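Okay, so here's the structure we're looking at.
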Amino acid sequence: MVRSDGLAIITVNEAITRTGQRRMIIAHELGHVLLHPNIRQMDEVDVTQTRNFNHRQQPEELEANYFAAELLMPKQFFQPEARLCEPGWDAVKRLADRYQTTLSSAAIQFVHYSSEPVLLVASENGERKWFVMGDQALDFWPRDETEIHRYSCANELLQGPETQSRAQDVPAGMWIRGFRPNGKEYITEDSMRARDSRFILTLLWIHEAI
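In terms of our numbering, the sequence shown opens at residue 78 and continues consecutively.
In structure tokens:
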């Protein structure tokens, strides 16, 4: 993206062929144009940045990502659909296809607008990088340790060729603060690994019983 005197030109590398990724990149750069008029006169963004929702990064990059997610998946349309879906990557994939966006951004919107208590955790090489909590899950914070539990579905994906785990119940303490990793309180975990990468997104949703 290059801009000057109130005008901007946004181009997308032809090597990026997936429609959702192309749309997310364009929407991200539009965010800079509209939200940050005095910075980012020249900017280059890649697929890695558009899935980075880490609050420790430069604030304008995070703002551009959230702007892009809301632009492509407006609350008034997305929320009613998300609230009808049971949490899991199957639902997120359907929504990502419907709105022609990336899985990461669709998962972010899903967590925010689901009627269920859901968290999204991003990890890489077995270390948690960032997390997002839905409004219904604010009482359930990720555990203090950033290392992903060795018996979690996310860690299993690092050991083999699979890119998605089968949603299953795991001890809440593997992920959530205040519970024992070998306790009897359970949550559901569904993890997905990016293709040819060690970056993993994990959806977690809380059972009423805990």
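Here a beta-carbon is modelled for each residue, glycine too, at the ideal position from N, C-alpha and C.
For clarity, every value in this text was computed on a predicted model and none was experimentally measured.
Run through DSSP, which three-state label would F276 get? strand
Within 10 angstroms of its Cβ, does I225 collect 16 or more other Cβ (buried), or is it exposed? With 16 or more Cβ atoms within 10 Å of its Cβ, I225 is classed as buried.
Do the stretch 163-170 and the stretch 82-101 make contact, defined as three or more Cβ pairs closer than 8 Å? no
Counted within 10 angstroms of its Cβ, other Cβ atoms place N202 as buried (16 or more) or exposed: exposed
L84, enclosing beta strand (DSSP E) - first and last residue: L84 to I86
Inter-residue Cα distance where the pair is V247 and R133: 29 Å
Does the stretch 137-144 come into contact with the stretch 103-110, if we say contact requires no fewer than three beta-carbon pairs (one atom in each stretch) closer than 8 Å? yes
Looking at I253 and P219, is the spacing between their C-beta atoms short of 8 Å? yes
May I ask you to report which of helix, strand or coil DSSP gives T265? strand
Following the continuous alpha helix (DSSP H) through F187, name the residue where it begins and the one where it ends. L180 to Y190
Within the same chain, show all residues whose beta-carbon is closer than 8 Å to that of I287, passing over the 5 residues directly before and after it, in chain order. Closer than 8 Å at Cβ, skipping near neighbours: A249, F256, E262, Y263 and I264.
If the criterion is Cβ atoms closer than 8 Å, does the pair W207 and A214 meet it? Result no, Cβ atoms of W207 and A214 do not sit closer than 8 Å.
Among the candidates A173, R80 and P194, whose CA atom is the shortest distance from the CA of R95? A173
For the beta strand (DSSP E) containing R205, list its first residue and its last residue. E204 to M210
Please name the residue, chosen from I116, T127 and A85, that lies closest to H105 on a Cα-to-Cα basis. T127
Does DSSP put E239 in a helix, a strand or coil? Coil at E239, not helix or strand.
With DSSP as the reference, please indicate the residues paired to Q282 in a beta bridge. A small fix is needed here, since residue 282 is Trp in this sequence, not Gln. V195 and T265, per the DSSP bridge assignment.
Across which residues does DSSP place V110 in a beta bridge pair? Paired residues: none, contrary to the question.
DSSP-derived helix/strand/coil call for P219: strand
Give me the residue from F276, D216, P238 and I283 with the minimum Cα distance to A244. Looking from the CA of A244, the closest CA among F276, D216, P238 and I283 belongs to I283.
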